[in-house]
Amino acid sequence: MVREKFFYIDKKKYLMAWLLITACFALWGFANNVTTPMVNAFSKIFCISTAEASLVPVVFNLGYFCLAFPAAMFIQKYSYKLGVIVGLGLYALGALAFIPARMIGDFYPFLMVYFILTCGLSFLETACNPYIYTLGSKRFAIQRLNATQAFNALGSVVGMLVAIDVHSHLTPVESHLRQRLPLQQFESIKDSDLGILIQPYIFIGAIVIIMLVLVALMKMPKNMDIHTKQGTMNTLKNLLRQKPYREGVIAEFFYIGAQVCCWTFIIQYGTRVFTAEGMTEQAAEVLSQKYNAIALIFFAAGRFVCASLMRYFPASRILSTLAIIGCATILGIILFSDRNGVYCLVIVSACLSLMFPTIYGIALLDVPVENIKIAGAGLIMAILGGSFFPLIQALIIQQRVSILGLPSTNVSFIIPLLCLGVIVWYGHRSYVRYHIVSDDGESPSTALSVI
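Residues in the sequence shown are numbered from 1 upward in steps of one, following the working numbering.
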């Protein structure tokens, strides 16, 4: 076997497949992070509450949950390539469906469109993550996945920059003033703002169609398409008996909750801080978005850095260390009521950077290669955490819950703090399992020392 030289890929013939699949990682990173800030945009455009607007990430992540297992069954029966093609097709359909949703002009059709779009993303992630994981030796699977996921983060940065541009072009009428406008004027402003909001989705929909054609024409290596002979339900039962896998699914659920909470409510947090300094609401929102973009740059850089650090330190130890630092920064978010809290929100993204691919990789360590497609679906279904925790955080903000005189936006970050606490536990458990003693009481395998 040729030693991995480029992103831990075994053979040069895999390079083109890696490049195209990596582009898919960037595409869903764009979709995730052009959408996350839209909670605030929808709240303003439709004059709805933060809790109601938070249905955007709820529905967005629900699509992942609902389609992950059907996607795994489809990929199990056919191939990774067909799974990617179906995912790109649903992605494009959802993106272009923003046009009729804008014509209807109501909030709830947009939720349906987001659901369709994320059904496509669910297919993509269920196919692409295990494909990259198996595109080389298992010893370097976590590093390979982290390195590839770094390009997902770059797509996220682009998505966030586009979201900033969208917010800066919305009609500069503050939320409380919009509610007092005559109906005709309100509808005119709403239609104009929705026209601005849907533009990036139409643009990315066209790019996704081009990518779909390229993937359809490409010959992808098929040696990773190993099909289980146990049957789907038996495979699933066997997976659920494995403690490392079960704990990995739980950890992903809480990690996604922390990530979506931090990136969704940085807008509300920053807007409160900056308006207290004397800024207008729209200027405060745009500046908050810029800080969110900086946070994502930290996130992207963190994935490249962490992939390199894994050559020297166990992945599980890096995971628990960054989770502890993340908890400390979230405490700063809660306790500071000025820009220092915003700075902490930026720093926490660097701590989040390696978590998804690292948890994903550790959870699959003891899974036979023929079961990885089904196992990967369970980990993608855990993205449901992004639907569950933001809604709780939004309710805390909406109910103006205050502790020790702290603003409700600050108090609400107790939710991602608890989520990262679970990651500290998981990282430590994984380190003990693979470095100190295995579940059967024996010494851990030296082949897994990189973990």
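All C-beta atoms, glycine included, are put in the ideal place defined by N, C-alpha and C.
Quick caveat: nothing in here was measured; it's all calculated off a predicted structure.
- prompt: For residue 33, does the three-state DSSP call read helix, strand or coil?
  reply: By one-based count along the sequence shown, residue 33 stands at place 33. Residue 33: helix per DSSP, three-state reduction.
message: Can you tell me whether residue 476 is buried or exposed? The criterion is at least 16 other CB atoms within 10 Å of its CB, across all chains shown.
response: This structure leaves residue 476 out entirely; the chain is present only between 1 and 451.
task: Below 8 Å CB to CB, which residues in the same chain sit around residue 281 once its five sequence neighbours on both sides are set aside?
output: In the sequence shown, residue 281 corresponds to position 281, counting from 1. So the qualifying residues of the chain are 174, 175, 271 and 275.
message: Between which two residues does the alpha helix (DSSP H) holding residue 73 run?
response: Here the question's residue 73 lines up with position 73 in the sequence shown. Its alpha helix (DSSP H) spans residues 55 to 77.
query: Just checking, does the segment 344 to 354 make contact with the segment 301 to 308 on the three C-beta pairs under 8 Å criterion?
result: yes
message: I need the straight-line Cα distance from residue 244 to residue 51, nearest angstrom please.
response: Locating residue 244 in the sequence shown gives position 244, where the first residue counts as 1. Locating residue 51 in the sequence shown gives position 51, where the first residue counts as 1. Cα-Cα distance, rounded: 35 Å.
query: What's the gap between the Cα of residue 61 and the Cα of residue 44?
result: What you label residue 61 is simply residue 61 of the sequence shown in a count that begins at 1. What you label residue 44 is simply residue 44 of the sequence shown in a count that begins at 1. Whole-angstrom Cα-Cα distance: 22 Å.
message: Classify residue 434: buried if its beta carbon has 16 or more other beta carbons within 10 angstroms, exposed otherwise.
response: The residue given as residue 434 occupies position 434 in the sequence shown. The residue is buried, with at least 16 neighbouring Cβ atoms inside 10 Å.
message: I need the DSSP call for residue 314, collapsed to helix, strand or coil.
response: The count along the sequence shown starts at 1 and reaches residue 314 at position 314. Coil at residue 314, not helix or strand.
task: Give a yes or no on contact between the segment 147 to 157 and the segment 100 to 114, applying the rule of three or more CB pairs nearer than 8 Å.
output: As far as the Cβ criterion goes, the segment 147 to 157 does not touch the segment 100 to 114, which means the pair count is below three.
- prompt: So is residue 193 buried or exposed if we call it buried at 16+ other beta carbons inside 10 Å?
  reply: Residue mapping note: residue 193 aligns to position 193 of the sequence shown, counting from 1. Classification of residue 193: buried, given that the 10 Å Cβ count is 16 or more.
field: Touching by the beta-carbon criterion (3+ pairs, under 8 Å), the segment 391 to 402 and the segment 72 to 91
entry: no
query: For residue 319, which residues from the same chain have a beta carbon less than 6 Å from its beta carbon, with the 5 sequence-adjacent residues on both sides left out?
result: On the sequence shown, residue 319 is found 319 positions in, with the first residue counted as 1. So the list reads 358 and 427, once near-sequence residues are dropped.
field: Test item: CB-CB of residue 121 and residue 31 under 9 Å
entry: One-based indexing of the sequence shown puts residue 121 at position 121. One-based indexing of the sequence shown puts residue 31 at position 31. Yes; because the gap between Cβ atoms is below 9 Å, this pair is in contact.
query: Would residue 311 be called buried (16 or more neighbouring beta carbons within 10 Å of its own) or exposed?
result: Working through the sequence shown from its first residue, we reach residue 311 at position 311. By the neighbour-count rule (16 or more Cβ atoms within 10 Å), residue 311 is not buried but exposed.
- prompt: To the nearest whole angstrom, what separates the beta carbons of residue 64 and residue 384, a pair I think is in contact under 8 Å?
  reply: Along the sequence shown, one-based indexing puts residue 64 at 64. Along the sequence shown, one-based indexing puts residue 384 at 384. Right, their Cβ atoms sit about 7 Å apart.
Residue from 376, 422, 284 and 265 whose Cα sits closest to the Cα of residue 327: Translated into the one-based positions of the sequence shown, residue 327 becomes position 327. Residue 327 has its Cα closest to that of 422, out of 376, 422, 284 and 265.
Extent of the continuous alpha helix (DSSP H) run through residue 354: On the sequence shown, position 354 is the one that residue 354 refers to. First-last for residue 354: undefined, no H or E at that position.
Alpha-carbon spacing of residue 135 relative to residue 221, whole angstroms: Start at 1 with the first residue of the sequence shown, and residue 135 comes out as number 135. Start at 1 with the first residue of the sequence shown, and residue 221 comes out as number 221. Their Cα atoms are separated by approximately 9 Å.
- request: Could you pull out every residue in the same chain whose Cβ sits closer than 8 Å to the Cβ of residue 250, ignoring the five residues on either side in sequence?
  value: Locating residue 250 in the sequence shown gives position 250, counting from the first residue. These residues qualify, in order along the chain: 382, 422 and 426.
field: Backbone CA spacing between residue 237 and residue 343 [nearest angstrom]
entry: To locate residue 237, count along the sequence shown from 1; it is residue 237. To locate residue 343, count along the sequence shown from 1; it is residue 343. Distance between the alpha carbons of residue 237 and residue 343: 45 Å.
message: In the DSSP assignment, the alpha helix (DSSP H) including residue 38 goes from what residue to what residue?
response: On the sequence shown, position 38 is the one that residue 38 refers to. Here the alpha helix (DSSP H) through residue 38 covers 38 to 46.
- prompt: For residue 218, which three-state DSSP category applies?
  reply: Taking the sequence shown and counting its residues from 1, one reaches residue 218 at position 218. Looking at residue 218 - three-state DSSP - the assignment turns out to be coil, as it is neither helix nor strand.
message: Mapping the DSSP letters down to three states, classify residue 3 as helix, strand or coil.
response: Position 3 of the sequence shown holds residue 3. Residue placement at residue 3 is poorly supported in this model, since its pLDDT is 43, which falls under 50; the coordinates are not used for a value here.
message: Can you tell me whether residue 244 is helix, strand or coil according to DSSP?
response: Translated into positions along the sequence shown, residue 244 becomes position 244. Secondary structure of residue 244 (DSSP, three-state): helix.
- prompt: Anyone know if the C-beta pair for residue 334 and residue 413 falls short of 9 Å?
  reply: By one-based count along the sequence shown, residue 334 stands at place 334. By one-based count along the sequence shown, residue 413 stands at place 413. Their beta carbons are under 9 Å apart, which means residue 334 touches residue 413 by this criterion.
message: Within a Cβ cutoff of 6 Å, which residues of the same chain sit near residue 410, ignoring the five residues on either side of it in sequence?
response: Position 410 of the sequence shown holds residue 410. Excluding sequence neighbours, residue 410 sits near 334.
task: Report the option in 130, 182, 198 and 252 whose CA atom is closest to the CA atom of residue 110.
output: The sequence position of residue 110 within the sequence shown is 110, counting from 1. The shortest Cα separation from residue 110 among 130, 182, 198 and 252 belongs to 198.
- prompt: How should residue 14 be labelled, buried or exposed, when 16 other C-beta atoms within 10 angstroms of its C-beta is the threshold for buried?
  reply: Residue mapping note: residue 14 aligns to position 14 of the sequence shown, counting from 1. By the neighbour-count rule (16 or more Cβ atoms within 10 Å), residue 14 is buried.
- prompt: Is the segment 84 to 96 touching the segment 195 to 209 in the sense that three or more CB pairs, one from each, lie closer than 8 Å?
  reply: yes
- prompt: Between which two residues does the alpha helix (DSSP H) containing residue 100 stretch?
  reply: Translated into the one-based positions of the sequence shown, residue 100 becomes position 100. Element bounds for residue 100: 98 to 104.
task: Find out if the Cβ-Cβ distance for the pair residue 40, residue 268 is shorter than 9 Å.
output: As a working note, residue 40 is residue 40 in the sequence shown. As a working note, residue 268 is residue 268 in the sequence shown. Yes, the Cβ-Cβ distance between residue 40 and residue 268 is below 9 Å.
message: Going by DSSP in three states, residue 401 sits in which element: helix, strand or coil?
response: Counting from 1 along the sequence shown, the entry for residue 401 is found at position 401. Coil.
- prompt: Under three-state DSSP, which class holds residue 406?
  reply: Mapped onto the sequence shown, residue 406 falls at position 406. Looking at residue 406 - three-state DSSP - the assignment turns out to be coil, as it is neither helix nor strand.
query: Quick one: what does DSSP say residue 338 is sitting in, helix, strand or coil?
result: On the sequence shown, position 338 is the one that residue 338 refers to. Looking at residue 338 - three-state DSSP - the assignment turns out to be coil, as it is neither helix nor strand.
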